Each structure stands twice: as C-alpha cells, then as structure tokens.
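These notes concern the structure reproduced below.
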Amino acid sequence: LGEDIQFASPDFVREETGFAIGGVSPYGLIKEIPIYIDRDLLDHSLIWAAAGSHHTIFSIQPQTLVSTTGCQVISVH
C-alpha cells in the first residue's frame, strides 16, 4: 500500500474495532475500517480468523471471507 506500518496500542485497537488485541474479527467491527487479506491465503481451502477474543477462532473459506466482508486482496511480502 506504500505506507509504513506500526503496531497499534491495545487502547487504539479496542477504540477502533471494539475488540481486544488478538481477537479482532473481520466481522462485527464497530467502525468501517479497511480489511485486507493476503493473496496467498486464497490458495487454501480453509483459513482461520479471530472471532472476538484471543480465545476464539472460526474457520472460513477465503473466498467467502472476501465476498462477505468486501476485504481487499493484497500481496503481503
């Protein structure tokens, strides 16, 4: 994306997403924020994502994640 990145503070993550660090789900966000998925994940039949806490995850087909969240497919290298 051409921008430098840095880790977000726990308070910032909670304020922007409604979730604690380690539990940020691509669903149920409290604000409309961009969601990205690495292009390489599309090669898998199933991936795992956080489900609202650092103790919970869910499986999903990557194409379903893309179609239901509108996330942007990018190359992360």
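Per the working numbering, residue 16 is the first one in the sequence shown, and the count goes up by one each step. From the three backbone atoms N, C-alpha and C, an ideal C-beta is built for every residue, glycine too. Only a predicted model underlies this, so the values are computations on that prediction, with no experimental measurement involved.
- For the 8 Å CB-CB criterion, H69 and A23 do not form a contact.
- Residues of the same chain with a CB within less than 8 Å of the CB of T71, apart from the 5 flanking positions on each side, are G38 and A65 in chain order.
- Here Q87 is bridged, per DSSP, to Y51.
- Within 10 angstroms of the beta-carbon of L80 lie 16 or more other beta-carbons, which makes it buried.
- Between the alpha carbons of Y51 and I20 lies a gap of roughly 14 Å.
- Apart from the 5 residues on each side of it in sequence, P41 sits with its Cβ closer than 7 Å to the Cβ of I50, A64, L80, T84 and C86 in its chain, given in chain order.
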